[in-house]
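Peer 1: For the sequence shown, the working numbering puts the final residue at 1333, and the numbers step up evenly by one.
For each residue, glycine too, the CB sits at the ideal point set by N, CA and C.
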Amino acid sequence: MSPSLTQLAALLNIPLVPLILAKGVRLDRILFCLYVGLHVWASFSVRVGADAQALRVGMAALVWAMPVFNLFLCLQVHRANLLGTAQARGLTAALLPFSFLVAISFTAGYQPEVLGGELWFPRPFLPALVLLGMAMAMASLTVCWERCERGKAHEALERLYYLGIILWWLTFFFLLTRLIYSGDKVPLPLLQGGLAAHLAWLLGGYLLIFRGRFLEVKAHPSPQLVGRATQTIVVLGVLASLFWMEALARDRGISPHAVEVAVAAFLVAVLTLPMLPVGPLKAARRLLQRHLYLPEQDFALEVALYLQVLGGKERLEKILTHLQERLGATGVALYRPDRGGGCRLHLSTPTAEPIPVHLDGPPQGPQPDAFPSMARSMALDTDGGIMGYLVILGEAGGLSWEEEGLLRFWSATLGLLLRELDWREREQEREKMALFSQATSFLLHDAKNLAQLLELVLNNYHRLEESDRPAFMETALPGLHQARVRARRILEKLEAFHPSEVLVKEPVELRGLLEETVEELRASLNREEIVLASDLDAAPWMGDAQALRKALENLVVNAVEATAGHGDIRVGLGQREGGYTIEVADNGPGVSPDERHRLFEPLFTTKRGGSGLGLYQAKILVERMGGRIGYRPNEGRGSVFYVWLDQRLDRGG
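Okay, here's the thing in structure tokens:
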């Protein structure tokens, strides 16, 4: 006796199980694999020549497959949110238990027998109740499939796949009803043929996996896997040989129970292969993950983050923070190569462990002196060379296949991202230098015009008689005054790039200084909306009053320009973190998140006709006085620029 077509179809279904479960253990995947496994078991038990006990176990496995599939289909409907109204959900929940009732009743009260090659049930147990359960079970399957068909949440091929399974169960239950209710007999080869047809239909799962997203599993064989197809053929050949040996053992009189136990143990081992993450089985899962599944499905979030950083919507630090969270690392550091053959720290996530700023060489291999707890390091290699090194801090140990895949993704893309960002920074620097050259040419042009004006006045003065010179000077005074104003503007623009090296350190009353500055700006800018708000009666500080005044003027003028000549501007004075805080708040349009990190760069402006020097000069002046300057969005609308100055009299300025 040789294995039948039914057993051959069963063998071909076995690889479906590791193919699905290797993607990840999930309840719906487990149920479908259990459904396939029960049919495989039944195919080797429900056959001509099987003893009574094997036949009973095989028929029980076949009947139990129905509630398993029913539960699987209900879960699919639930995951796709297709249950509909509360009445529909209640109907689905009420019909589902009948499938299990049929399986329990059949297992407990039905003992199939074979007589003359025909299957029959000599002593049916509560046939009316079992028939009612079958009807309700089929109603449950039909309702769930109808939800799938109407909802269109699954692909057409997947819905057709489910329909074929349900139609098979309708046919099988019709046959089973005749056996139970009328006592008819059915030829065992006919039952085997129906089981073979169903197993052949289940092979359509391969098509769904390779062409669709069945159970959210989309396989894509790599060239390496295709090259190893012969290994798969060998494995299937071994399985087929095993069952031929079973038939041979029966012919030689070896105990069939011993053979069946050995075969069953082998099948269980194959079915549970992807669920055991230990030893060689873990390596098998990694192999399947590496060669069968599309990385874009697994790393959609990584691709989205890559595009956000590339588009300027996120900073590079976001990638390191993301890696730290996904890998459970204590820290992540990014090093860039320097010209001396070493590496300098470019970015890192906050960590309790001190991270060296400079390394004498690449961070490859264990380096206990530099990194006491380095779990992994990898080079970010591109066609143009190594762009950097990524160091993962934490306990050394094996990573899961998901984490390995995550590191492979970033090792292949982070280097390209760094190269692209470097190119963009160089382009921005070139643009800045072009703008600086343009601004310098404008300043030189103004200075040249001023020099020509003074030279003209001086030449005309010397050509006049002594008696005409006083009248000439009286006439030339407005022009000289204008020249003085223009010279002062030129000096102010130059000081924006190179502020005075000498800062005066003297006692300053900040509240009084702010009151004077606000009054002057309110009058010179003709803006009564500029107001001062402070709860401090006195704020003694040691520093340069003129430099601070200039920085505040730049912040207030920036707020005036942002509000387009109307709107409230509040100058606040308070205390925080051992220092004084000065805030300039407006209710203008604010600054977009993409531009905030560039606010204090020279020549960067968001205003039409702006020079991009005011905020830069304010930053230089405040930092030289030992303070800090920053930006935050105003509550509701607008911007807040704040300055922090050390309150200690021996530290300011």
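Give the DSSP-derived three-state secondary structure of S779 in the structure shown.
Peer 2: In this structure, S779 counts as helix in the three-state DSSP scheme.
Peer 1: By Cβ distance, which residues of its chain are closer than 7 Å to D1040, with the 5 residues on each side in sequence left out?
Peer 2: For D1040, where only same-chain residues beyond five positions count, the Cβ hits under 7 Å are G1022.
Peer 1: Exposed or buried, which one is T772 when buried takes at least 16 other CB atoms within 10 Å?
Peer 2: Per the 10 Å Cβ criterion, buried.
Peer 1: For R872, is the classification buried or exposed, using 16 other Cβ atoms within 10 angstroms of its Cβ as the cut-off for buried?
Peer 2: Checking the sequence, you will find Gln at residue 872 rather than Arg. Buried is the call here.
Peer 1: Return the CA-CA distance between E1186 and A1298, expressed in angstroms with no decimal places.
Peer 2: Near 19 Å, if we compare the C-alpha coordinates of A1298 and E1186.
Peer 1: Tell me, to the nearest whole angstrom, how far the beta carbon of M814 is from that of V782; I am working on the premise that it is less than 8 Å.
Peer 2: The Cβ separation is near 6 Å, so the contact holds.
Peer 1: Where does V705 sit, in a helix, a strand or coil, going by DSSP?
Peer 2: Note: V705 maps to coil in three-state DSSP.
Peer 1: So, for V1240: in the same chain, excluding its five sequence neighbours on each side, which residues have a beta-carbon less than 7 Å away from its beta-carbon?
Peer 2: Excluding positions up to five away in sequence, the list reads L1205, R1207, I1249.
Peer 1: Would you list the residues sitting across from W1221 in a DSSP beta bridge?
Peer 2: BP columns for W1221 point to V1188.
Peer 1: Excluding the 5 residues preceding and the 5 following V914 in the sequence, name in chain order all residues of the same chain whose CB lies nearer than 8 Å to its CB.
Peer 2: In this predicted model, V914 has a pLDDT of only 48, less than 50, meaning its place in the structure is not dependable enough to derive any value.
Peer 1: Tell me the DSSP secondary structure of E826 in three-state form.
Peer 2: Reduced to three states, the DSSP call for E826 is helix.
Peer 1: Put Q977 into one of helix, strand or coil per three-state DSSP.
Peer 2: Note that Q977 has pLDDT 41, beneath the 50 cutoff, so the model's placement of it is unreliable and no number is given.
Peer 1: Going by DSSP in three states, Q904 sits in which element: helix, strand or coil?
Peer 2: Reliability of the predicted coordinates at Q904 is poor, the pLDDT of 44 falling under 50, and no value is obtained from them.
Peer 1: How many Å lie between Q977 and L1014 at the Cα?
Peer 2: Here Q977 scores only 41 on pLDDT, less than 50, and its place in the model should not be relied on; the value that follows carries that caveat. If I take the Cα positions, the gap works out to 26 Å.
Peer 1: Within a Cβ cutoff of 8 Å, which residues of the same chain sit near T910, ignoring the five residues on either side of it in sequence?
Peer 2: Note on T910: pLDDT 42, under 50, position unreliable in the model; the coordinate value appears next. Here the set comprises nothing.
Peer 1: Helix, strand or coil, according to DSSP, for L1014 in the structure here?
Peer 2: In the structure shown, L1014 sits in a strand (DSSP, three-state: E or B).
Peer 1: For the candidate residues D1224, F890, G1294, Y886, whose alpha-carbon lies nearest to that of N1238?
Peer 2: Out of D1224, F890, G1294, Y886, G1294 has the C-alpha closest to the C-alpha of N1238.
Peer 1: For the segment 698-717 against the segment 811-825, are there 3 or more C-beta pairs whose distance is under 8 Å?
Peer 2: They do not touch, by the three-pair rule.
Peer 1: Which word fits G1318, buried or exposed, when buried means at least 16 other C-beta atoms lie within 10 angstroms of its C-beta?
Peer 2: So G1318 ends up on the buried side.
Peer 1: Using DSSP with H/G/I as helix, E/B as strand and the rest coil, what is L697?
Peer 2: It should be pointed out that residue 697 corresponds to Val in this sequence rather than to Leu. V697: helix per DSSP, three-state reduction.
Peer 1: Helix, strand or coil for A1265 per DSSP?
Peer 2: A1265 falls in the strand class under three-state DSSP.
Peer 1: Using DSSP with H/G/I as helix, E/B as strand and the rest coil, what is P807?
Peer 2: Residue state, collapsed to three classes: helix.
Peer 1: Using 8 Å as the Cβ pair cut-off and three pairs as the minimum, do the segment 881-889 and the segment 744-754 touch?
Peer 2: Touching, no.
Peer 1: Might you give, ordered along the chain, the residues of its own chain that have their beta carbon closer than 6 Å to the beta carbon of V1320, omitting 5 neighbours on each side?
Peer 2: Around V1320: E1263, A1265, R1312, N1314.
Peer 1: Name the DSSP bridge partner or partners of E793?
Peer 2: DSSP output for E793 lists W800 as bridge partner(s).
Peer 1: What residue range does the alpha helix (DSSP H) around A732 cover?
Peer 2: Its alpha helix (DSSP H) spans residues 732-759.
Peer 1: Tell me whether W1103 is buried or exposed, calling it buried when 16 or more other Cβ atoms sit within 10 Å of its Cβ.
Peer 2: So W1103 ends up on the exposed side.
Peer 1: Quick check on F778: buried or exposed, where buried means 16 or more other Cβ atoms within 10 Å of its Cβ?
Peer 2: By the neighbour-count rule (16 or more Cβ atoms within 10 Å), F778 is buried.
Peer 1: Output the distance between the C-alpha atoms of M1060 and S1091, rounded to the nearest integer angstrom.
Peer 2: First, the amino acid is wrong: residue 1060 is Leu here, not Met. Answer to the nearest angstrom: the Cα atoms are 5 Å apart.
Peer 1: Using CA atoms only, rank isn't needed, just tell me which of E1083, M1305, V1037, G704 is closest to A1055.
Peer 2: Checked all of E1083, M1305, V1037, G704; the closest Cα to A1055 is E1083.
Peer 1: Could you check where the alpha helix (DSSP H) with L870 kicks off and where it finishes?
Peer 2: Counting along the chain, the alpha helix (DSSP H) containing L870 begins and ends at 868-882.
Peer 1: Excluding the 5 residues preceding and the 5 following Y841 in the sequence, name in chain order all residues of the same chain whose CB lies nearer than 7 Å to its CB.
Peer 2: Cβ neighbours of Y841 beyond the five flanking positions: G884, L888.
Peer 1: What does S1323 pair with, by DSSP beta-bridge criteria?
Peer 2: It should be noted that the sequence gives Val, not Ser, for residue 1323. Answer by DSSP bridge pairing, in chain order: I1262, I1309.
Peer 1: Quick one, which of S1057, K1230, E1199 has its alpha-carbon nearest R1088's?
Peer 2: Of the listed residues, the one whose Cα sits closest to R1088 is S1057.
Peer 1: Might you give, ordered along the chain, the residues of its own chain that have their beta carbon closer than 6 Å to the beta carbon of R858, omitting 5 neighbours on each side?
Peer 2: Closer than 6 Å at Cβ, skipping near neighbours: D864.
Peer 1: Rounded to whole angstroms, what is the Cα-Cα separation between G1011 and P1030?
Peer 2: Those two C-alpha atoms are separated by around 7 Å.
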